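Engineer: Structure provided below as structure tokens; questions to follow.
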Amino acid sequence: MREPNSLAARVLKAKYFRRTDFLHSREAYSASLTWKGIWEARYILQAGCRRRIGNGRSTRVWEDPWLPGSSCFNVVTPRANGCEVEWVSELIDDVTHSWRRELVYQLFSEYEAQLVLSIPLSWRSLEDDWVWQHTREGCYSVKSGYHVACHSHQNPQQPSSSAGEFRGQILWRLELPERIKVFLWSAYRDILPTKENLRKRRVDIDNYCPVCGEMAETGVHVLKDCQFARAVWLGSQLNLRVADMQVDSFAEFFDTVALTVDQRKLALFGVVCWSLWNNRNDILWESKRQQPQHVCEMAVRFLQEYGEAVRHKCGTRGGPRRGEIKWEPPDESHFKVNVDGALFQNSKEFGVGAVVRDCNGEVIAAMSCRRQGTLRVEAVEAYGLRGALQWAYELGLRKIIVECDCAVVVQWLGSQHAVLLSELGGVLADCKGLMDRFNECRVQHVRRAGNQVAHELARRAEYIAGDEFWVEEVPDPIKAFVLNDMA
Ligand SMILES: [Zn+2]
Numbered sequence: 001m002r003e004p005n006s007l008a009a010r011v012l013k014a015k016y017f018r019r020t021d022f023l024h025s026r027e028a029y030s031a032s033l034t035w036k037g038i039w040e041a042r043y044i045l046q047a048g049c050r051r052r053i054g055n056g057r058s059t060r061v062w063e064d065p066w067l068p069g070s071s072c073f074n075v076v077t078p079r080a081n082g083c084e085v086e087w088v089s090e091l092i093d094d095v096t097h098s099w100r101r102e103l104v105y106q107l108f109s110e111y112e113a114q115l116v117l118s119i120p121l122s123w124r125s126l127e128d129d130w131v132w133q134h135t136r137e138g139c140y141s142v143k144s145g146y147h148v149a150c151h152s153h154q155n156p157q158q159p160s161s162s163a164g165e166f167r168g169q170i171l172w173r174l175e176l177p178e179r180i181k182v183f184l185w186s187a188y189r190d191i192l193p194t195k196e197n198l199r200k201r202r203v204d205i206d207n208y209c210p211v212c213g214e215m216a217e218t219g220v221h222v223l224k225d226c227q228f229a230r231a232v233w234l235g236s237q238l239n240l241r242v243a244d245m246q247v248d249s250f251a252e253f254f255d256t257v258a259l260t261v262d263q264r265k266l267a268l269f270g271v272v273c274w275s276l277w278n279n280r281n282d283i284l285w286e287s288k289r290q291q292p293q294h295v296c297e298m299a300v301r302f303l304q305e306y307g308e309a310v311r312h313k314c315g316t317r318g319g320p321r322r323g324e325i326k327w328e329p330p331d332e333s334h335f336k337v338n339v340d341g342a343l344f345q346n347s348k349e350f351g352v353g354a355v356v357r358d359c360n361g362e363v364i365a366a367m368s369c370r371r372q373g374t375l376r377v378e379a380v381e382a383y384g385l386r387g388a389l390q391w392a393y394e395l396g397l398r399k400i401i402v403e404c405d406c407a408v409v410v411q412w413l414g415s416q417h418a419v420l421l422s423e424l425g426g427v428l429a430d431c432k433g434l435m436d437r438f439n440e441c442r443v444q445h446v447r448r449a450g451n452q453v454a455h456e457l458a459r460r461a462e463y464i465a466g467d468e469f470w471v472e473e474v475p476d477p478i479k480a481f482v483l484n485d486m487a
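Mapped onto the UniProt record's numbering, the consecutive letters of the sequence shown carry residue numbers 1 to 487.
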């Protein structure tokens, strides 16, 4: 039945249920013995079989069993007069891959609407499929000759790696600390929390550059066009006359410079940018002002010390004391992403929190998001994992270790077949597709005690107004947990 195109299935279909499919067929009068056996098994199967929704295109809203959690899996809410919705796909917004909540609430009773909204949706256009309800993995098999094949015949398309081909990719090869590369990538992608970018996110602030107080603060302004930045570039070893460069964005600025200098100088360029950003932060948050010359000297010294540190690196780090569960920093070449989800029962919403840290335990980025939906715990964790993978990729990270405290999700992600038949199969396939885009990506289980920061970020999503993202910082209440991990 899971293989409608197999020979036996086609023969049977031609003979007995040409116009319908298996669960809707009527017993034929002169049925063959094979068919009799299957016919009896049908009752067992029908009691526990339902449609797993992929794209919803082959599941009928009012006739097919597809609602998880209800006793018969069929919709009980009567179909309203004149209702033209036939297929489950009509309930799905295929741009956002989410349920059309208003329509769902309009068509179904409150209870059934909740059941619909609890069905996780994949980002891929997977076919709908039959699943067996009574095991978690959604796979059914019996010895008595009836066998639901457990192998996956899905062929999920790889997401295209469109975000990957910028000239800016060169920056990942620079001999610089990873956090500076992430900063540069953020600037390149124009996602630094400059005042202009914050205003785009509807944060109500003025947009004046905190350094010169005259112009609007964009990434290219702070790092190139600001009077202070111009003085720094001119005084630096790079001796750049940036006023003569006609560029509209930091990305163009970077590309232009990258074409004319060697790797060592490009690394210095990166450190100067980072110093300019730090100077901007010092002025904004601590009212500390420095001379352009000082910023130049700091950048050179930083690069020297970093070079020496890399050469003299002896990577010995004390492990945790025995029996104690703690967050562990990754090695120098990886970032660690901790992710967690939290259910908010009262509001029928859930939260996702994630944090990226480097080998020193320094926070590179953090996020806290709230989503609507009454998902099960594992689904929330899987949604969180998918969101965190996507976010880490967009941040420009390429070698990551991801930790999540839901053992089931980690285990399912590692299994080959059965998982694709489960309710969460589509979302987990999304995760696998995202994982393949990284140069290195490993997802592992961590006990809750090792996942405190992500846990707090997820819980805090209940109280925020909109999604929150931080680069190189975390909100104050979370800082204590970050420090605790490094204690
Ligand atoms: Zn300025």
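We put the CB at the ideal spot given by N, CA and C, even for glycine.
Model, not experiment: these values are computed from the prediction.
Would DSSP call residue 93 helix, strand or coil?
Structural biologist: Residue state, collapsed to three classes: strand.
Engineer: Is DSSP giving residue 216 helix, strand or coil here?
Structural biologist: DSSP places residue 216 in strand when its eight states are reduced to three.
Engineer: Excluding the 5 residues flanking residue 298 on each side, which residues of the same chain have their C-beta closer than 6 Å to its C-beta?
Structural biologist: Result list for residue 298: 275, in chain order.
Engineer: If we ignore side chains and look at the alpha-carbon of each, how far apart do residue 337 and residue 49 end up?
Structural biologist: Cα to Cα, the separation comes out at about 37 Å.
Engineer: Since residue 271 and residue 176 should fall inside the 8 Å C-beta cutoff, what is the C-beta to C-beta distance between them, to a whole number of angstroms?
Structural biologist: That belief holds up - the Cβ atoms of residue 271 and residue 176 are roughly 7 Å apart, short of 8 Å.
Engineer: Report all residues from its chain with a CB closer than 7 Å to the CB of residue 56; omit the five preceding and five following residues, and keep chain order.
Structural biologist: Correct list, in chain order: 87, 88, 89, 91, 92 and 128.
Engineer: Go through its chain and collect everything with a Cβ distance to residue 388's Cβ below 6 Å, but skip five positions before and after it.
Structural biologist: So the qualifying residues of the chain are 337, 339 and 354.
Engineer: Can you tell me the Cα-Cα spacing of residue 173 and residue 119, whole angstroms?
Structural biologist: Rounded to whole angstroms, residue 173 to residue 119 spans 42 Å at the Cα level.
Engineer: I need the boundaries of the beta strand (DSSP E) containing residue 249, first residue and last residue.
Structural biologist: Note, residue 249: premise wrong, no beta strand (DSSP E); not H, not E.
Engineer: Under 6 Å Cβ to Cβ from residue 142, same chain only, skipping five residues before and after it: list those, please.
Structural biologist: Legend: pLDDT at residue 142 = 34, less than 50; position of this residue unreliable, value from coordinates given subsequently. Answer for residue 142: no residue qualifies.
Engineer: Using the beta carbon as the reference atom, which residues fall closer than 7 Å to any heavy atom of ligand 1, ordered along the chain?
Structural biologist: Going by the Cβ distance cut-off, the answer is 209, 211, 212, 214, 215, 217, 221, 222, 226, 227 and 228.
Engineer: Counting along the chain, where does the beta strand (DSSP E) carrying residue 343 start and finish?
Structural biologist: Segment 335 to 344, the beta strand (DSSP E) holding residue 343.
Engineer: Mapping DSSP to helix, strand and coil, what is residue 401?
Structural biologist: Three-state DSSP puts residue 401 in a strand.
Engineer: Which residues in the same chain have their Cβ closer than 8 Å to the Cβ of residue 60, if we skip the five residues on either side of it in sequence?
Structural biologist: If we look at residue 60 and ignore the five residues flanking it on each side, its Cβ neighbours are 86, 87 and 88.
Engineer: In this structure, how does DSSP classify residue 105 when only helix, strand and coil are distinguished?
Structural biologist: Helix.
Engineer: If residue 365 sits next to residue 395, beta carbons under 8 Å apart, how far is it from one beta carbon to the other, in whole angstroms?
Structural biologist: Confirmed, about 6 Å.
Engineer: For residue 390, tell me which candidate among 302, 409 and 356 has the shortest Cα-Cα distance.
Structural biologist: Here the closest residue by C-alpha is 356.
Engineer: Among the residues of its own chain, which have a CB less than 8 Å from the CB of residue 322, if the five just before and after it don't count?
Structural biologist: Low local confidence applies: a pLDDT of 42 at residue 322 is under 50, so the model's placement there is unreliable, and no value is given.
Engineer: Leaving out the 5 sequence neighbours to the left and right, which residues in its chain are closer than 6 Å to residue 397 when beta-carbon positions are compared?
Structural biologist: If we look at residue 397 and ignore the five residues flanking it on each side, its Cβ neighbours are 335.
Engineer: Going by C-alpha to C-alpha distance, which of 379, 295 and 105 sits closest to residue 277?
Structural biologist: Taking only the C-alpha atoms, the option nearest residue 277 is 295.
Engineer: Identify the residues that DSSP records as bridge partners of residue 208: which are they?
Structural biologist: DSSP lists 216 as partners of residue 208.
Engineer: Under the three-state reduction of DSSP, which class applies to residue 274: helix, strand or coil?
Structural biologist: Looking at residue 274 - three-state DSSP - the assignment turns out to be helix.
Engineer: Since residue 343 contacts residue 377 with CB under 8 Å, what's their CB separation in whole angstroms?
Structural biologist: The Cβ separation is near 7 Å, so the contact holds.
Engineer: Start and end of the beta strand (DSSP E) containing residue 471?
Structural biologist: Counting along the chain, the beta strand (DSSP E) containing residue 471 begins and ends at 468 to 471.
Engineer: How about residue 101 and residue 345: are their beta carbons less than 8 Å apart?
Structural biologist: No, these two residues do not count as a Cβ contact at 8 Å.
Engineer: Please decide whether residue 425 counts as near chain B, where near means a Cβ-Cβ distance under 8 Å.
Structural biologist: Note that chain B does not occur in the displayed structure, where there is just one protein chain.
Engineer: With hydrogens ignored, establish whether the beta-carbon of residue 57 is closer than 7 Å to any heavy atom of ligand 2.
Structural biologist: This structure simply doesn't include ligand 2; it includes ligand 1 instead.
Engineer: Could you work out which residue in 478, 473 and 447 is closest to residue 460 when comparing CA atoms only?
Structural biologist: Per the Cα distances, 478.
Engineer: For residue 331, which option in 400, 382, 267 and 385 has the closest C-alpha, if you only look at C-alpha atoms?
Structural biologist: Among 400, 382, 267 and 385, the Cα nearest to that of residue 331 belongs to 400.
Engineer: If you draw a straight line from the alpha carbon of residue 438 to that of residue 393, how long is it in whole angstroms?
Structural biologist: Distance between the alpha carbons of residue 438 and residue 393 is about 7 Å.
Engineer: Are there three or more Cβ pairs, one per stretch, closer than 8 Å when the region 196 to 215 is compared with the region 254 to 261?
Structural biologist: With the cut-off at 8 Å, the region 196 to 215 and the region 254 to 261 do not touch.
Engineer: Quick check: the Cα distance between residue 506 and residue 262, rounded to an integer number of angstroms?
Structural biologist: Residue 506 falls outside the range modelled here, since the chain spans only 1 to 487, and no answer is possible.
Engineer: With a CB to CB cut of under 8 Å and the five nearest residues on each side skipped, what residues in its chain are close to residue 216?
Structural biologist: Excluding positions up to five away in sequence, the list reads 195, 196, 207, 208 and 209.
Engineer: With which residues is residue 349 paired in a DSSP beta bridge?
Structural biologist: 344 and 372, per the DSSP bridge assignment.
Engineer: Which residue comes first and which comes last in the beta strand (DSSP E) that contains residue 49?
Structural biologist: 49 to 52 is the span of the beta strand (DSSP E), which, as asked, contains residue 49.
Engineer: Which one of 472, 80 and 124 has the shortest CA to CA distance from residue 103?
Structural biologist: Answer by Cα proximity: 80.
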